[in-house]
Structures are given as structure tokens and as C-alpha cells.
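Numbering-wise (my numbering), the sequence shown opens with residue 157 and increments by one. Where is the CB? At the ideal position from N, CA and C, for every residue including glycine. These numbers come from a predicted model, not from an experiment. One structure is given below, encoded as C-alpha cells.
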Amino acid sequence: MRTTVYVLLAGMVGAGCISSAAARPVETSGRSAGVAAELAAASPDSVTLCGVRDGRLVRLAGEVSGITGDTLVAGQPLAEALPSHLPPYAGKTEWYQTFQPIFVNKRRYPTEGHPPRHLLPEQLDPDPVTFHNGIPVFVEAGAREFEGWGGYFYVLLSPDCLFQPYLLAI
């Protein structure tokens, strides 16, 4: 079953913190639809955000100010706490916006046919497996245990936990 999920975080569009990828509808199915629903179902005063702290992918709690409508992280405006134009976010990079593949261990991983999806940090290994142009690249939780991993790699696009999956080109 496929559904289209619109995840809107108050204040993020106005603050310029959501990439063009995050502002468009995201086709989801199965587990991804449940994650998007969980992210959207957070109380109106709180939001779930993703970031990298001390080199690890983490879940961050944000609040929507009832006065200004701004999203805050630890009391700071989202744009200051998690600037989306800097790593770890790939959503505003030229290579992402022009649909360029990433390379891991000299292997090409394109985005074709793989729409961005919302994931919780707990679904991914918190330690990057590599970096692509300064952006951390993640794998699913437990995937490091498999020799010669050939599954999906993920890059974080924006603070609202939107990830782009990349699959090995055959």
C-alpha cells in the first residue's frame, strides 16, 4: 500500500531550513509510512529532528514556540542549532540537487527510482560508514555485520529526518 505523506514542521519553511526535496510530497510505503506518521503525530508543541553530534547520528527533540511559531532545539532557533546548509545535511548540496550518484568503495550508488524517506535515527547505524563530499553516509542498523554490504546507503537531507537512499547500480 502506497500513501503520500506531507510532513510539515512549523517554522521550518519560513526559516529556510527545509530543502526542496523535503518540501515536496514523499511517496512512502510500508515501514517508511509508519515512521512518517510517527513523526507527524508528535504533539503540536514538539517535533522529532535528526542531526549529527560528536560524529554520530542522533534524535533531537525540538519545540515549536507558541509565541513565534519557530522551531527551537535546546532553546536555539532551528537554523542556528542545525544549519541545513552545512554537513551533515545533503539536501542543499549541488551533487544532491543534480541527482548525482554517490560512490562507496569505488562502487556507484544512484538515486534513480528511490524517493527520499523519513527514518528515525534508531533505524540506522549511528556511526557513518563513510563520507561523500563531507556528508556522512549511513547504513541500516545491524548492516555492518554483513561482509560486502550491497544494500542501501543513506544520506541525511534535512533536520526533519528525511534521508535519501542509494542502492548499488548493477
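Beta-carbon separation of residue i and residue j under 8 angstroms?
i, j, result
"L234", "T224", "no"
"H270", "Y322", "yes"
"I258", "V220", "no"
Name the residue from the options whose alpha carbon lies nearest to the alpha carbon of residue i.
i, options, result
"T286", "F294, Q279, L280", "F294"
"R212", "H270, E250, V220, P243", "P243"
"F309", "Y265, G222, L275", "Y265"
"H288", "A237, V229, Q256", "Q256"
"D201", "T267, L216, G222", "G222"
"E268", "A217, L280, T254", "T254"
What residue range does the beta strand (DSSP E) around residue i cover?
i, result
"A230", "Per DSSP, A230 belongs to no beta strand (DSSP E) and is neither H nor E."
"T204", "202-209"
"R215", "212-220"
"I258", "258-260"
"Q320", "318-322"
"R300", "Where R300 is concerned, there is no enclosing beta strand (DSSP E), given that its DSSP letter is neither H nor E."
"Y265", "263-265"
Quick one: give me the first and last residue of the alpha helix (DSSP H) that residue i is part of.
i, result
"E250", "250-253"
Can you list, in chain order, the residues of its chain whose CB lies under 7 angstroms from that of residue i, leaving out five sequence neighbours each side?
i, result
"L165", "Unreliable positioning characterises L165 in this predicted model, as indicated by a pLDDT of 39, which lies under 50. A coordinate reading is not provided."
"R263", "L324"
"A230", "A237"
"P284", "P292, V293, F294"
"G170", "Bear in mind that a pLDDT of 38 at G170, under 50, signals an unreliable position, so the model cannot answer this."
"H241", "K248"
Which residues in the same chain have their Cβ closer than 8 angstroms to the Cβ of residue i, if we skip the five residues on either side of it in sequence?
i, result
"V214", "C206, G207, V208, P277, P282"
"R180", "Note that R180 has pLDDT 38, beneath the 50 cutoff, so the model's placement of it is unreliable and the number below is only indicative. Closer than 8 angstroms at the Cβ level, and outside the excluded window around R180, lies no residue."
"T249", "N289, I291"
"A198", "Model confidence at A198 stands at a pLDDT of 47, short of 50, so the residue's coordinates are unreliable; what they give is reported in the following sentence. Counting only Cβ-Cβ distances below 8 angstroms, and skipping sequence neighbours, we find T204."
Residues bridged to residue i by DSSP?
i, result
"T286", "V293"
"S314", "L318"
"H274", "L318"
"L280", "E296"
Go through its chain and collect everything with a Cβ distance to residue i's Cβ below 6 angstroms, but skip five positions before and after it.
i, result
"G298", "none"
"P239", "none"
"L216", "L205, G207, V229"
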